[in-house]
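Have a look at the structure below before the remarks.
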Amino acid sequence: MKAQKSTDDKIKRVLYFNPEVEPDIEEIKEPTNTAFFSAVSDNTSNMKRNKMLRAEVQIPYDSIDKQTIIDYCSNNATDFAIVPKVKYFKVGLGKYVFSNQVVISMKLFDATGNLLTETDYDTYRKNMRLLGSTENSIKIGTNGAIKGILKKLKKIRPTTDSGF
Numbered sequence: 001m002k003a004q005k006s007t008d009d010k011i012k013r014v015l016y017f018n019p020e021v022e023p024d025i026e027e028i029k030e031p032t033n034t035a036f037f038s039a040v041s042d043n044t045s046n047m048k049r050n051k052m053l054r055a056e057v058q059i060p061y062d063s064i065d066k067q068t069i070i071d072y073c074s075n076n077a078t079d080f081a082i083v084p085k086v087k088y089f090k091v092g093l094g095k096y097v098f099s100n101q102v103v104i105s106m107k108l109f110d111a112t113g114n115l116l117t118e119t120d121y122d123t124y125r126k127n128m129r130l131l132g133s134t135e136n137s138i139k140i141g142t143n144g145a146i147k148g149i150l151k152k153l154k155k156i157r158p159t160t161d162s163g164f
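Each residue of the sequence shown is one higher than the one before, starting from 1 at the first, in full-length UniProt numbering.
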């Protein structure tokens, strides 16, 4: 007898865009992207039914075009798209003085461009982290935001094991 395969067992493909970085300073974008995608790949390697794809494109977090999401999902054969944002806290008087605290925000879209859920993770409020590297804060914030998305997704779809 052949074992029947449920559609929920299918591997979900998730497309991640480069995070929008605030403040918009070119020097911090590449290290931010590196730390963000390191955390994402660590997170998805723990989930057996997910596959991560990376789009080397940054989409403005607050003005996301539905058609853009649809196009990227269909061109990359993905089930979901995540649009992230990394906001650094500005501390002190100078324009370029940052703390290592970040807020990671994420919006999860399905392949048809519909917003499923969004979340944010504030590394200072959640962990009360004052010390440590910025890279570590980005990783902690990214992990927290992904867990937040998964938690909200389970509330939206309680009947299916979303596992996104």
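Yeah, the Cβ is synthetic: ideal placement off N, Cα and C, and Gly gets one too.
- Beta-bridge annotation (DSSP): P84 is paired with M106.
- Ranking N75, K51, N143 by CA distance to the CA of K12 puts K51 first.
- In the structure shown, Y121 falls within a strand segment according to DSSP collapsed to helix, strand and coil.
- Looking at the backbone, the Cα of L115 and that of T123 are separated by about 24 angstroms.
- Rounded to the nearest angstrom, the gap between the Cα atoms of V21 and S137 is 14 angstroms.
- If one requires a minimum length of 3 residues, the beta strand (DSSP E) runs lying completely within the region 35-59 are 50-58, in chain order.
- Shown here, Y72 sits in a helix according to DSSP, grouped into three states.
- With a cutoff of 8 angstroms on beta-carbon distance, V57 and F17 are scored as near each other.
- Per DSSP, the unbroken alpha helix (DSSP H) holding N136 starts and ends at 134-156.
- In this chain, the beta strand (DSSP E) harbouring Y16 covers 12-18.
- Remark: C-beta atoms of L15 and C73 approach each other more closely than 8 angstroms.
- Restricting attention to K107, T142, T34, the CA atom closest to the CA of I64 is found in K107.
- By the 16-neighbour rule on beta-carbons within 10 angstroms, K66 is exposed.
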